[in-house]
Every structure is written in structure tokens, then in C-alpha cells.
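Here the sequence shown stands for residues -33 to -1, 1 to 574, where the numbers follow mature numbering (1 follows the signal peptide of the UniProt record, and there is no 0).
Worksheet for the structure shown next.
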Amino acid sequence: MSLTMAAKYLPNIFTSTLTIVLIACFHASKSESHDSQIISRFQQYLQINTAQPNPIYKPAADFIIAQAKAIGLDAQVVEYVKSKPVILLTWQGKQTSLPSILLNSHTDVVPAEKDKWVHDPFSAHMDSNGDIYARGSQDMKCVSVQYLEALRNLKNRGFVPLRTIHASFVPDEEIGGHDGAGMFVGSKDFEQLNVGVVLDEGLASPDGNYRVFYGERAPWWLVIKAVGAPGHGSKLYDNSAMENLLKSVETITRFRAAQFDLVKAGLAAEGEVVSVNPVFLKAGTPTPTGFVMNLQPSEAEAGFDIRVSPGTDAEFLEKRIAEEWAPASRNMTFQCWYCHVTRKRLSKTNTWFLNHMLWRGFVHELQLFQNRPARPEYRVGAGYEVASTDAPHVQDWLTNLIWTENRIPLPSESAFNVFGSEEGKPISTTLPMRSATPSSARTFQDARLPTYPSSLTPGTTKSKGKHKMTGSCDVANTITELFNLQNKGDADDAIDKLFFACGIPFHVAHSLYYKDGEANITRAGPSNVPPGETKLRTTILDKNYSKINILIEKMKATWVIVGCSIIVDGWMDIRHHSLINIMVTCTENPYFLEVIDCSRHYKDVGF
């Protein structure tokens, strides 16, 4: 079970209805009489082939509609793009004027290379250990069935939600979701749902703790193309298409390694770095049996899947692509899908998330329900775990509060096989989709329920597709109270005094180090205590010194491969001392070696 939230209203929206739904999805009932039926329904859904690039959505829609009728939910199917249905289920609440809860999931799955699977990827085979093997068993048909089974059990027990609950099943998430969630959230249908909170997919939790994510990396799909004069395979000449492409691939590989080193060294989580992975190479002249082996091609291409972490300087990365990865000086061009679309999202790091009462309330209720700490972090992991979801589509139309959560435990080796062959899910982690009893959720019944308008209040306007509140809501907490703007002003004053009192030039605020430090301090939260002088001079300095040494050693290693040049530069300082700077330059950045003071040497021929 996973969770994505996009709050339409900034005040606390953590209601009893939502928490009961969460408990229903997480907590297993004691009855085992319906286990086989739950497993059977799960397998039926997995056996429907909705793999990209040619998903067959109608059987999936028919299955979901049939389940909705059996549960007693209202159901409708809408198509914003032909043959790409959006299925919407509705359970009316007691107070329909309140913002509703939307449970979102996607119906498509990634392709499966059938010959690399032991079990047919769409057979939903269950072995003697109770592991079900099927494409989509983790991403994300398991969550779709968890929604259905939780609602089914709550219905059977006579529970009536305070708020209206909707469940949406959308197409094409695996290819960006533009014809699915993108069209849905931009429609009149979505606006009429009066959505307050959206639950979507997150990550499986290997250690059984709740995992909450308040940001996700944005996908940039980059294709670089090199051109050059064709030539015979035996000829040596400069600036061939393949040579130009390989130079770029080497540069990109070094960038990737540097980002990965931060993760390996424990200096950053995987969701906090920029990942770059090659996904295709294309060059050569094909023949019926292979390629022409004695001809150097005139064109060569490479494709890269880039995932850009929140807070990344998007303009700087775009500049790096244009000047280093695909420079026009080497007869190269590039195309980048979603670069400009996601730039605005990357500026939203949501570092204030930990102070938001929605998060605080969620942590409090979870600790009451089960004595496990919830731990916030960026979307992290490998493969799909650090990729995109449909959440940004909702984020674009509502506000920038967005987070995901998951507590379904999976063995670590299983968690890393979401997109691989033999994707599977232990049945022990599937059965918790059964609902809790209403009494097990009683702890949450007293959660404070703010009052919201049934629709946008007078004075509310819409701006660029987003709901922009210019009026006021009848809530107990104002935006000023939530974000404590006074504290922010005090912090700004303190920083200004630090610059002035210590003689720090104000242009230092333009430094990347300043911006990075500011972002990390904010991310650390209000409980963070800045390090003292001793720690700065010893432990932290030593760690940064080691980090620099690692980068230097990597740079030196490239000298053996591509060579380097020694640069000597003589100059005179303000005291008229003659100095000689000795540096090394290579395909990486310049490296300073040594400075020699020559002011006492006589400048003759020997010198």
C-alpha cells in the first residue's frame, strides 16, 4: 500500500475517514476464510496483459467495473483519449460537501521479456512459498487490489465514510501519464470531485517501517546525436560521428560516477542525486545479417534516462548538456523530453514539509496505531523506486504539498526486481490488503476534522489550471500559523547579521556552496543544531578532505587514459612577489598542483 498526497487546502486535512482507509489497507484481519478469494482476484488482475507499448485496457476496465459492482460502489468509465479508459469508482460519504479522498492507481505495466522469465509474466504463478510471479505484482496492480479489498471489507462491516471516497484507475503512467492522469486531473470531471487528498503509489519497505516521501525526481529523457564524415573502416581521421559520440559518453559516464560516489560514500541518498543511465546506442549501417563492418557511419546516437532530484539547478544542468555533453563544436545536437516541463517542479523541494501539521498528525496517529517510527525522505531506491509517478500531474493542478508512503515489507532482493524478470510479491505481503475491523481503527475517530467549503469560496480564482485560494476557508489554522513566517524573517535577519559582522562579501550568497548549505540546513529541520568550531575543524573537515581526495584520485586516473597538460603561469601579487602557478588540465576540470615563490631568485638564463 502506498500513498501520495496533494493537499488542495494548506491547513490540516488528516481526517478520521482517511486514517481508517489507511488502516484498512495496512492491517490484516484475523479471518482466513476469504484469503483464497483475495488471492484469486489478485491473480485475475495480474493475468490481464496491460504491458506497454501496446496495453489492452478494456479487459482491465471490465475487471475493475465488475469488482466495483460486487463491492457496491458507483462506477463510470471516461475516455479522454480513445482506447485509454479512466475508471472512476465512488463511495458517497456522510458529508459530501467536504473535500473528498481519491485513491489513484495506474492500470498499465512495463514490458516483460518473456524468454527471460521462468514463469510466464502474465500467468500470476504462485509457488509453494506463496510468492506470486507476474509483471505488475509490485508496480502497481497490488496497490489497486489493496484499494478494492480494503473498500470491500469496510463495506461489508457497515462502515460509512464521513467524506466521499473515490478510486481512479488511469492508463499510461509508465510512459509519462499525459494521456491518463494528466488528462484526468485537467478535466471538469476531476474538478467536480472536490478532491482534498490523493493517495498514489510509493515504495515497498524492506524493513517494515513506514516510508514517507515528499518529493520525487523528475524524468529527463535525453537523446544526443553526433554527425561526421563517413569513411572506410581502415581509415584514421578526426571528428568521426562515433568518435564525437564516444567523447560525450565518456563525459557523461564521469558525471554519473561522481554522482554515484556520493551515494556510495553515504553523503547523499539516491533520491538526492542526479542519475544518468544509458538506455540505447544507435549507429552503423545494417545488413540482413548484421552491420557493415568496413564503414564508419556518418551518424551516431545515444539515449539516456536522467532523473533529476528536487532542488537541482535545472538551468545549470541544461547548460552542461549543451556545452559538455552535446556541444555544437563537435557537430552534435540533442533533444531533451520533459526538461522544460519539469523545471518548475524541481524548484519545489518541500523542505517545510516536516513542519506541516499534516505530517505531524500522520506521525502521531501511526505511533498510536503501531509503535514504529515514520521516517521522511526523498523517493529513494533503485530502478522504479526513484522514478516518476502520476503524482506530479495532481501537483500541477493543486498545490506543492505532495508525499508518498508505504509500509508493505518486501525482502531486499525482491524490492530490487520491480522491473526485472521474475517480478514477484510474497503472498504474506499481499494478504494485509484485508481490512481492519472498525474497532481497530477507533483510535483515529477523534482526529480533529476541520470544516471546508463545499466548493471554491467567493473570492477564489483559478490561475493557469491551478486552484489558487484568494479567499479564506473556515479552518482553525491560518497559513501564517502553519509556516510561521515570523521565524523565517528572523532567520533572514540572522543571516544578514552574520555576513555583515564577519565581513563576508554579500556576493557569496550567489555561491553554489551557499545555496547548497542553505537547502541542506532547511532539509535538516528545526531540530538540527549547527556544528561547533571543534567539529567544523576536525570531524567535518576531515570528511570533506577525504571526499576531495576521492575526486582528485578519480581525476588523476583519467590522466592515464586521455593524458594531461602541465600549465605554468607566472604572475606578481600585490606585494610584488613573483609567483609561478603550476597546474594540470585535462578533459576534467583544471587541477592546481603548486605555487612557487620566486621573488628571491635572480631572473637570469638559469632561472
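Where is the CB? At the ideal position from N, CA and C, for every residue including glycine.
For Ser95, which of helix, strand or coil comes out of DSSP? coil
Go ahead and label Gln105 buried or exposed: buried means 16 or more other beta carbons lie within 10 angstroms of its beta carbon, across all protein chains shown. buried
Between which two residues does the beta strand (DSSP E) containing Cys303 stretch? 299 to 304
Applying the criterion that 16 or more other CB atoms from any shown protein chain within 10 Å of the CB defines a buried residue, is Gln4 buried or exposed? exposed
Looking at Asp357: is its Cβ nearer than 8 Å to the Cβ of Asp167? yes
Assign Val496 to buried or exposed, taking buried as 16 or more other Cβ atoms, counted over all protein chains shown, within 10 Å of its Cβ. exposed
Have a look at the DSSP bridge pairing and note the partners of Ser135. Leu55, Asn71
Can you tell me which of the three DSSP states Tyr558 falls into? strand
Is the CB-CB distance between Lys514 and Ala225 below 8 Å? no
In whole angstroms, what is the alpha-carbon distance linking Val361 and Lys36? 27 Å
To the nearest angstrom, report how far apart Leu203 and Asn211 are at their CA atoms. 14 Å
Ends of the alpha helix (DSSP H) at Ala148? 148 to 152
Roughly how many whole angstroms lie between the Cα atoms of Pro88 and Ala79? 7 Å
In this structure, does DSSP put His543 in helix, strand or coil? coil
Express the C-alpha separation of Ala491 and Ile507 in angstroms, rounding to a whole number. 16 Å
Beta-carbon separation (whole angstroms), Ile299 vs Ile191, contact threshold 8 Å: Correcting the residue identity first, residue 299 is Met in this sequence and not Ile. With 8 Å as the limit, Met299 and Ile191 qualify as a contact, their Cβ atoms being about 6 Å apart.
Straight-line Cα distance separating Ala148 from Leu229: 34 Å
Within the same chain, show all residues whose beta-carbon is closer than 6 Å to that of Gly251, passing over the 5 residues directly before and after it, in chain order. Phe258, Pro264
Going by other Cβ atoms of all chains shown within 10 Å of its Cβ, with 16 needed for buried, is Arg504 buried or exposed? exposed
Where does Phe126 fall in DSSP's three states? coil
Exposure of Asn71, with buried meaning 16 or more beta-carbon neighbours within 10 Å: buried
According to DSSP, residues forming a beta bridge with Val259: Paired residue(s): none; Val259 is not in a bridge.
Member of Ala134, Gly103, Arg297 whose CA lies at the smallest distance from the CA of Ala117: Ala134
Beta-carbon proximity list for Val44, same chain, < 8 Å, skipping 5 on both sides: Ala28, Ile32, Pro52, Val53, Ile54, Leu55
What would DSSP say about Gly348, mapped onto helix, strand or coil? Confidence at Gly348 is low in this model, with a pLDDT of 30, below 50, so the placement of that residue is unreliable and no value is reported for it.
Reducing DSSP to helix, strand and coil, say where Cys565 ends up. coil
Please state whether DSSP places Asn548 in a helix, a strand or coil. strand
Give the secondary structure of Ala(-6) by DSSP, where H, G and I count as helix, E and B as strand, and everything else as coil. Residue placement at Ala(-6) is poorly supported in this model, since its pLDDT is 45, which falls under 50; the coordinates still yield a value, given next. Correct three-state label for Ala(-6): coil.
Can you tell me where the beta strand (DSSP E) holding Leu166 begins and where it ends? 162 to 166
Which class does Asp41 belong to by DSSP, given the choice of helix, strand or coil? strand
Going by CA-CA distance only, name the one from Thr57, Leu560, Ile488, Thr552 that's closest to Val127. Thr57
Mind listing, in chain order, the continuous beta strand (DSSP E) runs of no fewer than 3 residues lying wholly within the stretch 219 to 266? 242 to 250
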